[in-house]
Amino acid sequence: MTIIFTIIKSIFYSLVFPGLLFTAAAGLLLAGIDRKVIARMQKRIGPPIRQPLFDFLKLMGKETIVPRRANRLVFLGAPVVNLISLALIMLFIPVLGFTAFSGSADLIVILYLITISGVALIVGGSSSGSPYAGIGISREMVTMMSYELPFVMILLAVAKKAGGAAGMTFSMDAITAFQRANGSFLFTWSMIPAAIAFLLVIPAEVGMQPFDVAEAETEICEGPLIEYSGAALGLFKLGTAMKMLIMTGLFTALFLGGVSTGMIGLDIILFVIICIVLTVLCMTTVHAVTARLKIEHLFKFFWTFVAGLALVSLVLVWCGL
Amino acid sequence: MIQHFPVLAVMLLFLAAFQVEIFGSKNAQVRNSITFAATTISLLMILALIKPVMIDGQIISYWMGNWSPVGGYAIGIGYEVDALSLFFALLVSATFWLSAVYSFGYMEKDHHLGHYYTLFLMLSASVLGLTLTGDIFNMFVMIEVMTFASVALTAFRNNNEGALEAAFKYLVIGSMGSSFTLTGIALLYGKCHTLNMAQLSSILSGDLSGSTMMALGLIIAGFGIKSYIVPFHTPAADAYTAAPTSISMVFSGMVNKAGVYGMIRVAYIIFRAMDKSALQTILVLFGAVTMFVGVTMALTQHEFKRLLAFHSISQIGYVITAVSLGSALGLTGGLFHAMNHTLFKGLLFLTAGAVLTKTGTTNLDKLGGLSKKMPVTTVCFLVGAGAISGLPPFNGFASKWIMYQAMYTKAVESHNFLYAVVVITALVVSVMTLASFIKVTQAVFFGQLRPEYEDVTEVSMSMKIPMVTMAVLCVFCGVFYNLINRVFLYPASSAALNCVNYIDRMMGEGYAENAGVANIETAPVEFSYWNPIVWLVLFGIIFCAVAIVILKGFADRGPILESNSSTDAKYDTFFSGEQELFSQVGGSDLFWGFKKNWGGYYRIMGALHSGIVTDYTTMAVIGTAIIVLALFVFMR
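If you read the sequences in order, they're chains Y and G. Our numbering numbers the first residue of the first sequence as 471 and each following residue consecutively. Our numbering numbers the first residue of the second sequence as 28 and each following residue consecutively.
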């Protein structure tokens with residue numbers, strides 16, 4: 471009986487909440503708000519907030535063309551793998567008070583799943599055989615290498631801080647519990663540099679301006695996505711929207727953990743509101759006021775400035791502050 | 028009966044080596060049968076040892092000519108097989124067996140194959156002997172045979188450019204390694220008057236005098252050269268590139284692991300010095316530098332096999348780092364990664380060999396789009412690339428997982444910031460590994476097919492079987508790692524940490540106790556972190572959901588269209604309205620932003636990898652001096 475219950479529960483978690491359905495819906499909402507707010511910042515009216523959902527449904531109904539040069543299996547498999555890995559990540563991110571799964575190394579699992587979704591985009595783009603995609607995947611990989619170093623350092627700083635005197639913990643539950651007891655990391659002075667660094671990593675991870683060198687519509691026509699059409703493109707677009715929720719949600723869990731109303735319905739609403747605020751703060755605003763960076767500048771920015779901020783936090787935390 | 032198996036397994040291969048030349052130099056059938064029979068029987072003998080050694084926990088010993096110890100001194104040569112030896116011996120036999128099968132198809136167009144199989148069997152016998160022997164001088168002899176067989180095999184295709192040069196570099200640096208080891212062994216012999224490893228271990232027993240430190244430093248440097256840690260890695264890149272692929276696979280899969288085995292055997296059992304934090308730190312630093320230098324050099328390579336060679340160096344860095352942590356967890360992770368590296372790197376070399384046989388080149392700038400022509404090779408390559416980059420559910424992920432766990436546990440326990448840096452390095456190196464394999468994927472298998480490769484076909488069955496076997500094993504070891512841990516890793520790692528039985532079995536009951544040697548009891552390592560079955564189930568659930576939604580909900584409105592007709596413009600690749608030209612984005616064109624930022628670093632690296640043997644020799648001498656000096660300064 472318990473086994474059946476566990477199975478039903480894990481199916482519900484992975485498909486409905488907080489997995490696929492919730493992530494997709496909230497992600498599309500974030501994408502819509504992002505488009506609306508940026509339009510207002512640029513003195514345009516902008517599309518309705520439902521627009522990304524309509525775009526997605528429209529793409530799902532269109533025919534999917536596999537180019538002659540492409541490898542069919544990889545070309546069509548990549549968007550699905552991308553979507554699945556993103557849906558799985560959300561299972562590990564606490565929605566304020568609620569966590570679907572928690573092990574002892576959630577942070578590393580999340581790190582790897584994010585990498586897998588990036589690899590799916592790269593391999594899919596590469597398999598299309600287009601030279602634009604070739605350039606795009608190379609840029610995507612450099613972007614990945616750029617933010618990976620600060621990202622790892624931030625995760626280590628959080629893990630060390632949350633481990634307290636005992637050591638380190640990579641468990642989301644332990645990180646949330648520690649913050650509930652000792653105050654959120656966003657308001658702990660030694661963690662503030664890491665929080666700022668994380669806010670800068672978010673747009674790079676999602677592929678937002680000024681860090682959208684990989685897609686760069688005006689130069690290389692969306693790079694890896696250039697040959698994609700129909701449902702496959704729709705899944706990648708949905709994946710980008712989901713990534714917005716995942717990254718802002720991860721920030722919430724790592725730096726605003728412990729905030730909880732105690733009621734799951736309110737928690738979900740509050741969680742989405744925090745994610746919206748973060749999206750507007752670190753993606754929309756930055757997007758509206760900056761132009762795209764060059765690849766080598768992006769790399770230098772992340773390995774010096776952002777990694778430096780993360781290192782400051784790491785060293786402070788290591789010294790017990 | 029069973030105690031004869033280790034020595035027979037080695038002897039059989041040595042015997043077959045000469046039979047191949049005598050009977051099979053003209054006839055391919057005879058040659059292949061002898062090689063196949065010898066490697067298979069030797070593999071079966073080693074497999075037969077799993078039950079007594081790994082599961083029942085016995086240690087098998089064998090005195091050559093029945094020269095058992097006289098008056099408490101071991102004078103004869105002894106073979107001694109504990110779980111650690113057997114673990115490596117299994118890897119050796121399995122790798123050589125697969126390589127032999129692959130060779131039959133891969134080498135058939137070469138000449139003088141009698142020589143090839145003679146050297147091949149000599150190499151396999153010597154590496155196997157090295158892992159099974161219980162006598163340190165016998166180990167040195169095996170190293171010598173191994174080095175010279177390797178040198179000859181590196182130069183086997185000596186009509187190819189660079190083969191002789193590579194062999195010469197290997198010869199010079201390899202001989203240095205052998206001489207360092209020999210000097211170390213001579214010092215030990217002068218001090219302890221014995222060459223038996225079990226007896227050495229009980230006599231030395233935590234001795235930190237000057238002569239012991241000197242011997243330890245020299246032997247570690249010697250084995251470091253054999254396992255190609257930085258700064259001794261320089262001949263590896265050339266040798267792996269120049270050697271036939273079946274041999275590159277063995278070099279990278281097993282010959283450098285022999286060095287790792289030697290280091291574990293020497294540092295953990297003979298000197299029992301791995302509990303000293305100074306030695307741990309020195310070796311971990313060498314390991315971390317090795318993994319970083321290896322991967323950054325790999326990122327800039329234009330040659331498939333050379334790139335794989337630098338990755339071998341990098342992955343050995345992981346292994347050395349993990350086993351040098353001195354903990355049961357680190358040893359487990361390191362041994363597991365050594366095993367996984369043998370699998371996935373062997374697999375990657377085999378795919379490189381497949382590409383080389385079919386296209387005649389491994390230059391990343393001259394290939395592209397082979398995935399449609401060689402689908403099996405492509406899938407095998409993607410499995411190998413996923414495994415080496417440590418993506419779940421492949422085996423590389425499981426072992427890297429354990430190693431990260433071991434490293435950060437160490438960082439927490441020792442409260443040393445250095446280990447935190449090592450964790451960061453390991454994670455970043457993992458991403459860089461991924462990057463360089465993305466490069467190979469794009470440059471060889473995806474992208475645009477070159478017109479000259481229109482007629483390329485999939486490789487023959489003899490080459491497919493080892494590739495597919497290894498790809499399946501890569502997934503198997505990643506999913507059922509708990510089984511691997513229970514059967515292989517736990518016995519092997521506890522054998523490295525506990526040497527009382529090892530000594531007693533060889534020298535007689537109670538010998539270790541008299542010498543004051545005690546066991547360190549360890550519990551089996553638990554990997555509660557990662558449960559692949561649950562993962563695959565979750566992955567499957569979502570996959571089915573997505574598939575059903577796409578197929579049922581949208582199929583009638585948006586079918587998947589595909590066509591091979593060359594006239595329909597709908598299936599063309601987008602070219603901004605220009606005429607479609609050949610425009611493959613090759614290997615060297617990727618990652619220029621990264622390379623530009625790292626210009627300074629790459630200039631230094633370029634100067635160090637000058638290709639001049641005297642430079643390499645200097646580097647090796649400096650590296651050895653650093654190890655020995657560091658031991659003298661920090662250990663005493």
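Beta carbons: idealized from backbone N, C-alpha and C, even for Gly.
If contacts are defined as beta-carbon pairs under 8 Å, then L391(G) and A470(G) qualify, I think. What distance do you get, rounded to the angstrom? The residue labelled residue 391(G) in the question sits at position 364 within the second sequence. The residue labelled residue 470(G) in the question sits at position 443 within the second sequence. Sure, about 4 Å apart at Cβ, within 8 Å.
Could you tell me which whole beta strand (DSSP E) segments of length 3 or greater appear in the region 521 to 552 of chain Y? 534 to 536
Could you give the C-beta distance for Y143(G) and I296(G), rounded to a whole number, given that I count them as a contact under 8 Å? Numbered from its first residue, the second sequence carries residue 143(G) at position 116. Numbered from its first residue, the second sequence carries residue 296(G) at position 269. Contact flag wrong, Cβ pair sits at about 35 Å.
Please tell me whether P33(G) has its Cβ less than 8 Å away from any Cβ of chain Y. Residue mapping note: residue 33(G) aligns to position 6 of the second sequence, counting from 1. Not an interface residue.
Against chain G: residues of the region 479 to 500 of chain Y by CB proximity under 8 Å: S480, I481, S484, L485, G489 and L490
Let me see if you follow: with CB-CB separation under 8 Å, is T145(G) close to chain Y or not? In the second sequence, counting from the first residue as 1, residue 145(G) sits at position 118. T145(G) does not count as touching chain Y.
Taking the C-alpha atoms as reference points, what is the distance between A44(G) and A64(G)? Your numbering for residue 44(G) matches position 17 in the second sequence. Your numbering for residue 64(G) matches position 37 in the second sequence. The straight-line gap from Cα to Cα measures roughly 12 Å.
From the DSSP output, read off the bridge partner residues of Y89(G). Numbered from its first residue, the second sequence carries residue 89(G) at position 62. DSSP output for Y89(G) lists Y106(G) as bridge partner(s).
Classify R510(Y) as buried or exposed, calling it buried when 16 or more other Cβ atoms lie within 10 Å of its own Cβ. To locate residue 510(Y), count along the first sequence from 1; it is residue 40. Classification for R510(Y): exposed.
Per DSSP, what are the beta-bridge partners of V97(G) in this structure? As a working note, residue 97(G) is residue 70 in the second sequence. In DSSP, V97(G) forms a bridge with Y100(G).
To the nearest angstrom, report how far apart R630(G) and N624(G) are at their CA atoms. If you number the second sequence from 1, residue 630(G) lands on position 603. If you number the second sequence from 1, residue 624(G) lands on position 597. Distance between the alpha carbons of R630(G) and N624(G) is about 11 Å.
Neighbour flag for L792(Y) against chain G, beta carbons, 8 Å: Look at the range of chain Y in this structure, 471 to 791, and you will see that residue 792(Y) is not part of it.
Closer than 8 Å is the cut-off here; do at least three beta carbon pairs connect the region 530 to 547 of chain Y with the region 576 to 583 of chain Y? no
Is the beta carbon of G650(G) less than 8 Å from the beta carbon of F259(G)? Along the second sequence, one-based indexing puts residue 650(G) at 623. Along the second sequence, one-based indexing puts residue 259(G) at 232. The answer is yes: Cβ separation under 8 Å.
May I have the straight-line CA-CA distance separating A522(G) from I645(Y), to the nearest angstrom? As a first step, residue 522(G) is located in the second sequence; it is residue number 495 there, counting from the start. As a first step, residue 645(Y) is located in the first sequence; it is residue number 175 there, counting from the start. Taking the straight line from one Cα to the other gives about 37 Å.
From which residue to which residue does the alpha helix (DSSP H) around H220(G) run? Taking the first residue of the second sequence as position 1, residue 220(G) is located at position 193. That residue, H220(G), is in no alpha helix (DSSP H); it is neither H nor E in DSSP.
According to DSSP, is E330(G) part of a helix, a strand, or is it coil? Counted from its first residue, the second sequence places residue 330(G) at position 303. Strand.
What are the residues that DSSP puts in a beta bridge with V565(Y)? Along the first sequence, read from residue 1 onward, the residue named residue 565(Y) stands at position 95. Looking at the DSSP assignment, V565(Y) forms a beta bridge with F568(Y).
Short check: CB of K253(G) to CB of G204(G), under 8 Å? Sequence index remark: in the second sequence, residue 253(G) carries index 226 (1-based). Sequence index remark: in the second sequence, residue 204(G) carries index 177 (1-based). Yes. Within cutoff.
When the Cα atoms are used, what is the spatial distance from W788(Y) to L454(G)? In the first sequence, counting from the first residue as 1, residue 788(Y) sits at position 318. In the second sequence, counting from the first residue as 1, residue 454(G) sits at position 427. Taking the straight line joining both Cα atoms gives about 19 Å.
Within 8 Å, do at least three Cβ pairs link the region 716 to 723 of chain Y to the region 744 to 752 of chain Y? yes
By the 10 Å Cβ neighbour count, where 16 or more other Cβ atoms means buried, how is W94(G) classified, buried or exposed? The residue you call residue 94(G) lines up with position 67 of the second sequence. Per the 10 Å Cβ criterion, exposed.
Sort out for me which residues DSSP pairs D576(Y) with in a bridge. Reading the first sequence from its first residue, position 106 is the one you call residue 576(Y). DSSP output for D576(Y) lists no bridge partner at all.
I want to see whether chain Y comes within less than 8 Å of P419(G), judged by CB atoms only; does it? What you label residue 419(G) is simply residue 392 of the second sequence in a count that begins at 1. True, the Cβ-Cβ gap to chain Y drops below 8 Å.
Taking the C-alpha atoms as reference points, what is the distance between T210(G) and T239(G)? Translated into the one-based positions of the second sequence, residue 210(G) becomes position 183. Translated into the one-based positions of the second sequence, residue 239(G) becomes position 212. Those two C-alpha atoms are separated by around 12 Å.
Within 7 Å: the Cβ of T67(G) and any heavy atom of the ligand MG? Among the components of this structure there are no ligands whatsoever, and the ligand MG is therefore not found.
Identify whether N185(G) lies in helix, strand or coil by the three-state DSSP scheme. In the second sequence, counting from the first residue as 1, residue 185(G) sits at position 158. Of the three classes helix, strand and coil, the one that applies to N185(G) here is coil, per DSSP.
Using DSSP with H/G/I as helix, E/B as strand and the rest coil, what is D504(Y)? To locate residue 504(Y), count along the first sequence from 1; it is residue 34. Helix, per DSSP.
Which stretch, first to last residue, makes up the alpha helix (DSSP H) that contains I738(Y)? Translated into the one-based positions of the first sequence, residue 738(Y) becomes position 268. I738(Y) -> alpha helix (DSSP H) spans I734 to L748.
Given 8 Å, three or more beta-carbon pairs between the region 615 to 624 of chain Y and the region 518 to 537 of chain Y: no
Is there a Cβ of chain Y sitting closer than 8 Å to that of A381(G), yes or no? For the purposes of this step, residue 381(G) is taken as residue 354 along the second sequence, with counting starting at 1. No, because no Cβ of chain Y sits closer than 8 Å to the Cβ of A381(G).
Which residue marks the beginning of the alpha helix (DSSP H) containing M401(G), and which one marks its end? If you number the second sequence from 1, residue 401(G) lands on position 374. Neither: M401(G) is in no alpha helix (DSSP H) and is coded neither H nor E.
With a threshold of 8 Å, are at least 3 pairs of Cβ atoms found where one atom belongs to the region 577 to 594 of chain Y and the other to the region 549 to 562 of chain Y? yes
Quick one: what does DSSP say T645(G) is sitting in, helix, strand or coil? The residue given as residue 645(G) occupies position 618 in the second sequence. Three-state result, T645(G): helix.
Buried or exposed: which applies to G728(Y), given that a residue is buried once 16 or more other Cβ atoms fall within 10 Å of its Cβ? Looking up residue 728(Y) in the first sequence gives position 258. With 16 or more other Cβ atoms within 10 Å, it is buried.
Distance, Cα to Cα, V316(G) vs T348(G)? Residue 316(G) sits at position 289 when you count from the first residue of the second sequence. Residue 348(G) sits at position 321 when you count from the first residue of the second sequence. Going from the Cα of V316(G) to the Cα of T348(G) covers about 9 Å.
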